[in-house]
Every structure is written in C-alpha cells, then in structure tokens.
Amino acid sequence: MLAVLVSALVASAAPACKNKSGTLEPPRGADAWDPEYARFFDDGLTELPVTLSGRAPNDVRDQKRFGMRLGYSDLVILTEVSQSWSRGLGERRQKHYVEVKLKRVLLQQDRVKIPESETLRLVRDRPIPGDVQGKEMLLFLRWAPGEQPAYHHHLLIASDEMISTIEAMVKHAKREGQFGSKAERRKARRDKRKQAEADGDASPGANADLEELDGDLETSESVSTGDPDEVESSSSAMAAKDSSSSKPSAKSAGAN
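In my numbering, the protein residues as written are 26 to 281.
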C-alpha cells in the first residue's frame, strides 16, 4: 500500500492563501485537462472511508484508487459538508450539490487562493445520503482550465488514518528532499549529505550523485517516474505529474 501511495504522491508544499469569497481557480499556466484523468476525478462521492490497513480484495482496490487520486491531484483539502441539495424532477434528471467548508490544505501543487467554502456539483444517479451534513471529507481536485468550474474532483469520506497517512508522507518526503519548493528540496538533500558524512556513511560517489541532483534542480522543477503499480517501495520514486510518464496507464486502478 505504501509503495502505491509514495510512488503516486506528487505535490509541492506551497502555503495556501485564504480568500473569504469566490471559487477555486487554477493558477496561471495550469496544465489542460486530460480526459484520461476522468476515472479518478469523476465529480463523484465515495460514501465510505478507505481502510488503508485492510488486506481484503475490496480494500486493496480502494487503496490503489486512493493512492492514484492522491498522486494525480493538484490540490487535496480536508473539508466539512455544510449542506447538500438536489434540483430537477426525477432522480435520473436531478443535479446534486454539496457546499463544503475548506478547512485545511493537505497537498498543493501550486499556490492558489483558497475560499472559505466551495459549492461542488456531484455526478450521480441517486440522491445524496441524508447524513453527509457535518461530515469531514477529503477533496481531491485536478484543474481543468477553461471549463466551468475550472476543475474536476472527487469527494471521499475522511478518516483520521487517511489524514495522518498523508501528513506522514509529506513529512517524510520533505525530509528526504523530494517534496516542497526547489530550494527546500535542495537544502534537504544537502542536510542529508552532511548527516551522512558526519556518520561516515557517505561515499565520494554518493556525494557526487547528490551534487549532480542539486545541479539538476536548478533547471528542472520535476523528475519523472514509471507506472505506479511497478515502482518499488521508496520515496525516491516520487515524480512530477506534468511528466508524460505520470499519466494514468492502462494498468491503473478503476474509478469510484
């Protein structure tokens, strides 16, 4: 499970700006929406939390979906449902909505203004459960410039386990120099190299490799990775999702 999450996790630690009114808008230069991502950002709602420690086939399937959504998200926010409603006649012709409070940014690819709340349309063929009001949910979002709204999303019932897993991964990635701004990643790698030298574990070859990595960061904000289902359990497998290799592959887990 950790291998799927770590290999798919791609984000930078830019602080969020709070904006009392308005709607979520993509940053300038955001990548165009690719329909390949629709399987993960389906404007839908998963009504049960993911069991990250489960080993049953359904749990493993849900863990992969969680990892893929996490990795391909431009923005992940912990939210709380304020209200929900539907419009239209007949269940199949109704349009469903939820208003959520945007409580805390967990992952963010680029710095954007975060309103205090957001109204999300849900694509579904049945009514929204009546007990969603007041529940905490994770909002996984990927930008879709030019569309209205300018993103696609998926809502997932949150759990303490899921939140703590994301936070632990972010902390670990920062420490390893594979998460955050270019300067933050470069500093973390240098600190790691100094610590290795102090412990007597760093070889000249390893130091040279780290120096080369630091130099590469001057001209590139990201590195690429392979299919998340094939990457070993290592935080070094993280990659920027704007690389062509980070698009969902035919082997990727299905949506929902």
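Even for Gly, the Cβ is constructed at its ideal location relative to N, Cα and C.
- Query: In angstroms, rounded to a whole number, what distance separates the CA positions of residue 202 and residue 213?
  - Reply: Your numbering for residue 202 matches position 177 in the sequence shown. Your numbering for residue 213 matches position 188 in the sequence shown. One C-alpha to the other measures close to 5 Å.
- Span of the beta strand (DSSP E), counted from its first residue to its last, around residue 161: As a first step, residue 161 must be located in the sequence shown, where it is residue number 136. Segment 161-168, the beta strand (DSSP E) holding residue 161.
- Query: Under a three-way DSSP split, which group does residue 96 fall into?
  - Reply: On the sequence shown, position 71 is the one that residue 96 refers to. Residue state, collapsed to three classes: helix.
- Query: What is the residue span of the alpha helix (DSSP H) that residue 222 lies within?
  - Reply: The residue labelled residue 222 in the question sits at position 197 within the sequence shown. Start and end: 207-224.
- Message: With a threshold of 8 Å, are at least 3 pairs of Cβ atoms found where one atom belongs to the region 188-196 and the other to the region 134-141?
- Response: no
- Message: Taking its Cβ as the centre, do 16 or more other Cβ atoms sit within 10 Å of residue 210, making it buried, or is it exposed?
- Response: Along the sequence shown, read from residue 1 onward, the residue named residue 210 stands at position 185. Its Cβ being crowded by 16 or more others within 10 Å, residue 210 is buried.
- Message: Between the alpha carbons of residue 136 and residue 74, how many angstroms are there, rounded?
- Response: On the sequence shown, residue 136 is found 111 positions in, with the first residue counted as 1. On the sequence shown, residue 74 is found 49 positions in, with the first residue counted as 1. Between residue 136 and residue 74, the C-alpha separation is close to 28 Å.
- Burial state of residue 108, where buried means 16 or more other Cβ atoms lie within 10 Å: Sequence index remark: in the sequence shown, residue 108 carries index 83 (1-based). Label assigned to residue 108: exposed.
- Query: Where residue 52 and residue 98 are concerned, what is the direct C-alpha to C-alpha distance, given to the nearest angstrom?
  - Reply: The residue you call residue 52 lines up with position 27 of the sequence shown. The residue you call residue 98 lines up with position 73 of the sequence shown. Taking the straight line joining both Cα atoms gives about 14 Å.
- Message: At the level of alpha carbons, what is the spacing between residue 102 and residue 69?
- Response: Position 77 of the sequence shown holds residue 102. Position 44 of the sequence shown holds residue 69. Distance between the alpha carbons of residue 102 and residue 69 is about 15 Å.
- Would DSSP call residue 190 helix, strand or coil? Position 165 of the sequence shown holds residue 190. Reduced to three states, the DSSP call for residue 190 is helix.
- Task: Look at the alpha carbon of residue 192 and the alpha carbon of residue 177, and state the distance between them as a whole number of angstroms.
- Result: As a position in the sequence shown, residue 192 is number 167, starting the count at 1. As a position in the sequence shown, residue 177 is number 152, starting the count at 1. Roughly 23 Å separates the two Cα atoms.
- Count the C-beta pairs between the region 160-178 and the region 85-98 that are closer than 8 Å, then say yes if the count reaches three, no if not. yes
- Straight-line CA distance for residue 220 to residue 190? Position 195 of the sequence shown, counted from the first residue, corresponds to residue 220. Position 165 of the sequence shown, counted from the first residue, corresponds to residue 190. Distance between the alpha carbons of residue 220 and residue 190: 26 Å.
- Task: Within 10 angstroms of the Cβ of residue 218, are there 16 or more other Cβ atoms? Answer buried if so, exposed if not.
- Result: Taking the sequence shown and counting its residues from 1, the one referred to as residue 218 is at position 193. Residue environment: residue 218 is assigned as buried (16 or more neighbouring CB atoms within 10 Å of its CB, all protein chains considered).
- From this set, 179, 65, 57, which residue's C-alpha is nearest residue 123's C-alpha? Position 98 of the sequence shown, counted from the start, is the residue given in the question as residue 123. It is 179 whose Cα lies nearest to the Cα of residue 123.
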